[in-house]
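A.B. asks:
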Amino acid sequence: MALRYHYLMRVGIIGGGQLGKMLALQAKAMGFHVSILDPSPHAPAALIADTHILGSYHDIRKLREIVDACDITTYDLEEIDAQALAALEAEGHAIAPSPRILQIIQDKLTQKRYLAAKGIPVPRFREADVLDEATCEAFGFPLVQKLRRGGYDGRGVMVIEDARDLPRALQGPSLIEEKIAIHKELAVMVARNASGQIRCHPLVEMVFDPAANICDVVMAPALVEKHIAERAIQIASDAIQALEGVGIFGVEMFLAQDGRILLNEIAPRTHNSGHYTIEACITDQFEQHLRAIAGLPLGETDLLIPAVMVNLLGAPDAYGPPLILGMREAMDISGLSFHLYGKAETRPFRKMGHITIVDHDVHRAREKAQKARQIIQIISMSQAEKHKGAPA
Ligand code: ADP
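The opening position of the sequence shown corresponds to residue 14 in this note's numbering, with each subsequent residue numbered one higher.
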């Protein structure tokens, strides 16, 4: 990948959500010029970027506009017209991670097939567009159905315990996989640059909120034995090596109750489970991604201090312009950093921000995090009257 180096490197980000915003903040810190492509004038990254191209991720003209305007273009989400991007890459535009990888990852079945063929351990799976009883019986219950495309944050995933659950099956091209008896959900950020250098951040543990069906708390480091952490990091690193990816990747894995470590899915971008790196690691995930895509040496990934990250989600019944309750009180907790993404509207369980608590004792960090999440609430302006006192 031959990049033209400017005293001001021009970085393009397709998608202007919270990941794009935090990436743009870091790019600005490093002196780069930032353009984003996002359909919303209120996109969080628009608060930071030098240029905002208003448009769809599926509009080839807009995609062309951003790659034309930038030395290197990346993205903060998977739902992009990857074929159009691949055509732009073939014309010589620098896009990282490569649209070839995006095409593999966008389709969960293609992704699983690719990884399995490369010898990466994944749950047993098969293609199943129609979930009839015979197919599922033959595969074996309990199983998990996943739509091949478009799912995120647990949407597009359905647990099918037995034949009685089949009427609840999702409609659309799918795969089915064995339901894993999960001991822990693990994740690691893996970065690779064009020279093939690979660096992994520490292994983290993700705790899911079943009500919101969202990764709610991330603990760094994961509380697992050393050999498990080493093996998980090796699997994740092998997967990114197999993809020959350039950029940073969020790799999600299961530690099964029977001891197996299985790769669940890869995000070809910065990831929620890597937010803790901002406060807790020598190089955070955003800087690492920029280093990787700009052809620079990767940074050190050591954990300087344990950390717990908690997503700040919109209250279950809140819609509209957001209001933050409890910020003043929460910021009194030692080691707490507060991130609010600047989204114009809150919705039930929408990721509106996050907090990270660092503490030399990870258990104490966890306790403080629990306290903070009880204090902080993201409600809507219209609900404000119901709450007494001025919001912090
Ligand atoms: P998404 O892309 O929407 O995040 P995932 O594939 O990560 O979907 O699945 C969401 C959650 O569903 C996982 O974090 C995990 O808790 C559960 N899950 C997914 N696959 C399996 C499986 N094979 N066995 C058991 N639980 C699973």
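Note that the Cβ used here is the ideal one computed from N, Cα and C, for glycine as well.
Which value, in whole angstroms, describes the spacing of the CA atoms of M171 and L353?
C.D. replies: Mapped onto the sequence shown, residue 171 falls at position 158. Mapped onto the sequence shown, residue 353 falls at position 340. Computed Cα separation, rounded: 31 Å.
A.B. asks: With respect to the beta strand (DSSP E) encompassing G33, which residues constitute its N-terminal and C-terminal limits?
C.D. replies: The residue given as residue 33 occupies position 20 in the sequence shown. From DSSP, G33 is part of no beta strand (DSSP E) but of the alpha helix (DSSP H) over 31–42.
A.B. asks: Residues bridged to D374 by DSSP?
C.D. replies: Counted from its first residue, the sequence shown places residue 374 at position 361. For D374, which the question treats as bridged, DSSP gives no partner whatsoever.
A.B. asks: For I306 and T87, what's the separation of their Cα atoms in angstroms?
C.D. replies: Along the sequence shown, one-based indexing puts residue 306 at 293. Along the sequence shown, one-based indexing puts residue 87 at 74. Near 8 Å, if we compare the C-alpha coordinates of T87 and I306.
A.B. asks: Give a single yes or no on whether V408 has its beta carbon closer than 7 Å to a heavy atom of the ligand ADP.
C.D. replies: In the structure as shown, the chain begins at 14 and stops at 405. Residue 408 is therefore absent and cannot be evaluated.
A.B. asks: So, using beta-carbon positions, are L90 and G153 closer together than 8 Å?
C.D. replies: Taking the first residue of the sequence shown as position 1, residue 90 is located at position 77. Taking the first residue of the sequence shown as position 1, residue 153 is located at position 140. For L90 and G153, no; Cβs fall outside 8 Å.
A.B. asks: Is the CB-CB distance between A13 and Q301 below 8 Å?
C.D. replies: A question about residue 13 goes unanswered here, because the residues of the chain that appear run from 14 up to 405.
A.B. asks: If we count the other Cβ atoms within 10 Å of its Cβ and call it buried at 16 or more, is G30 buried or exposed?
C.D. replies: Here residue 30 refers to the residue found at position 17 of the sequence shown. With 16 or more other Cβ atoms within 10 Å, it is buried.
A.B. asks: Based on DSSP bridge pairs, tell me the residues matched to V217.
C.D. replies: Position 204 of the sequence shown holds residue 217. A200, per the DSSP bridge assignment.
A.B. asks: Tell me K75's beta-bridge partners as DSSP assigns them.
C.D. replies: Working through the sequence shown from its first residue, we reach residue 75 at position 62. Paired residue(s): none; K75 is not in a bridge.
A.B. asks: Classify S1 as helix, strand or coil using the three-state DSSP reduction.
C.D. replies: With the chain covering 14 to 405 only, the question about residue 1 has no answer from this structure.
A.B. asks: Between V135 and A141, how many whole angstroms is the CB-CB distance? I'm expecting something under 8 Å.
C.D. replies: As a first step, residue 135 must be located in the sequence shown, where it is residue number 122. As a first step, residue 141 must be located in the sequence shown, where it is residue number 128. Between A141 and V135 the Cβ distance is about 16 Å, and since that is not below 8 Å, they are no contact.
A.B. asks: Could you give the residue range of the alpha helix (DSSP H) that holds S250?
C.D. replies: Working through the sequence shown from its first residue, we reach residue 250 at position 237. That run of the alpha helix (DSSP H) goes 239–256.
A.B. asks: With V259 and A207 assumed to form a contact (beta carbons below 8 Å), what rounded beta-carbon distance in angstroms separates them?
C.D. replies: Reading the sequence shown from its first residue, position 246 is the one you call residue 259. Reading the sequence shown from its first residue, position 194 is the one you call residue 207. Indeed they touch by this definition, with Cβ atoms about 5 Å apart.
A.B. asks: Less than 8 Å between the C-beta atoms of M202 and T290, yes or no?
C.D. replies: In the sequence shown, counting from the first residue as 1, residue 202 sits at position 189. In the sequence shown, counting from the first residue as 1, residue 290 sits at position 277. A contact, by the Cβ cut-off of 8 Å.
A.B. asks: Terminal residues of the continuous beta strand (DSSP E) containing H65?
C.D. replies: As a working mapping, residue 65 is identified with position 52 in the sequence shown. Element bounds for H65: 64–67.
A.B. asks: Can you tell me whether DSSP reads L326 as helix, strand or coil?
C.D. replies: Counting from 1 along the sequence shown, the entry for residue 326 is found at position 313. Strand.
A.B. asks: Report all residues from its chain with a CB closer than 6 Å to the CB of P411; omit the five preceding and five following residues, and keep chain order.
C.D. replies: Here the chain comprises residues numbered 14 to 405, so residue 411 is not present and cannot be evaluated.
A.B. asks: Can you give me the start and stop residues for the alpha helix (DSSP H) that M394 sits inside?
C.D. replies: Translated into the one-based positions of the sequence shown, residue 394 becomes position 381. Where M394 is concerned, there is no enclosing alpha helix (DSSP H), given that its DSSP letter is neither H nor E.
A.B. asks: Tell me, which residues are paired with Y88 by DSSP?
C.D. replies: Along the sequence shown, one-based indexing puts residue 88 at 75. According to DSSP, which records beta bridges pairwise, Y88 is partnered with I27.
A.B. asks: Could you tell me which residues DSSP pairs with H352 in its beta bridges?
C.D. replies: Walking along the sequence shown from the start, residue 352 turns up at place 339. DSSP output for H352 lists H367 as bridge partner(s).
A.B. asks: If you run the structure through DSSP and keep just helix, strand and coil, what is P180?
C.D. replies: Here residue 180 refers to the residue found at position 167 of the sequence shown. Of the three classes helix, strand and coil, the one that applies to P180 here is helix, per DSSP.
A.B. asks: Could you tell me whether the stretch 189–203 touches the stretch 251–270, where touching means 3 or more Cβ pairs closer than 8 Å?
C.D. replies: Short answer: they touch.
A.B. asks: Any heavy atom of the ligand ADP closer than 7 Å to the CB of N324?
C.D. replies: Taking the first residue of the sequence shown as 1, we reach residue 324 at position 311. Not under cutoff, so the answer is no.
A.B. asks: So, does the stretch 94–101 touch the stretch 71–79, judging by three or more C-beta pairs under 8 Å?
C.D. replies: Counting Cβ pairs under 8 Å, three or more are found: they touch.
A.B. asks: Expressed to the nearest angstrom, what Euclidean distance is found between the alpha-carbon atoms of M22 and Q39?
C.D. replies: For the purposes of this step, residue 22 is taken as the residue at position 9 of the sequence shown. For the purposes of this step, residue 39 is taken as the residue at position 26 of the sequence shown. Approximately 13 Å, taken between the alpha carbons.
A.B. asks: Can you determine whether any heavy atom of the ligand ADP sits closer than 7 Å to the C-beta of I193, and answer yes or no?
C.D. replies: The residue given as residue 193 occupies position 180 in the sequence shown. Yes, the Cβ of I193 comes within 7 Å of a heavy atom of the ligand ADP.
A.B. asks: Among the residues of its own chain, which have a CB less than 6 Å from the CB of L309, if the five just before and after it don't count?
C.D. replies: Taking the first residue of the sequence shown as 1, we reach residue 309 at position 296. Same-chain partners within the cutoff: there are none.
A.B. asks: For R177, count the other beta carbons within 10 Å of its own beta carbon; 16 or more makes it buried, fewer makes it exposed. Which is it?
C.D. replies: In the sequence shown, residue 177 corresponds to position 164, counting from 1. When all chains shown are included, R177 counts as exposed.
A.B. asks: Are at least three pairs of beta-carbons, each pair with one atom in the stretch 325–340 and one in the stretch 389–397, less than 8 Å apart?
C.D. replies: Output reads yes: the stretch 389–397 touches the stretch 325–340.
A.B. asks: Less than 7 Å separating the Cβ of F221 from some heavy atom of the ligand ADP?
C.D. replies: To locate residue 221, count along the sequence shown from 1; it is residue 208. Yes, the beta carbon of F221 sits closer than 7 Å to at least one heavy atom of the ligand ADP.
A.B. asks: Tell me whether N285, by its Cβ, gets closer than 7 Å to a heavy atom of the ligand ADP.
C.D. replies: On the sequence shown, residue 285 is found 272 positions in, with the first residue counted as 1. Not so, every heavy atom of the ligand ADP lies at least 7 Å from the Cβ.
A.B. asks: Assuming A200 and E243 make a contact with CB atoms under 8 Å, what is their CB distance in whole Å?
C.D. replies: Indexing the sequence shown from 1 puts residue 200 at position 187. Indexing the sequence shown from 1 puts residue 243 at position 230. Not really, about 15 Å apart at Cβ, beyond 8 Å.
A.B. asks: Is there at least one non-hydrogen atom of the ligand ADP closer than 7 Å to the beta-carbon of V264?
C.D. replies: What you label residue 264 is simply residue 251 of the sequence shown in a count that begins at 1. No, the Cβ of V264 stays beyond 7 Å of every heavy atom of the ligand ADP.
A.B. asks: For G348, collect the residues of the same chain with a Cβ closer than 6 Å to its Cβ; drop the 5 residues on either side in sequence, then sort them by chain order.
C.D. replies: Mapped onto the sequence shown, residue 348 falls at position 335. The residues are I370, V371, D372.
A.B. asks: Taking the straight line between their C-alpha atoms, what separation do you get for K41 and A59?
C.D. replies: Looking up residue 41 in the sequence shown gives position 28. Looking up residue 59 in the sequence shown gives position 46. Cα to Cα, the separation comes out at about 13 Å.
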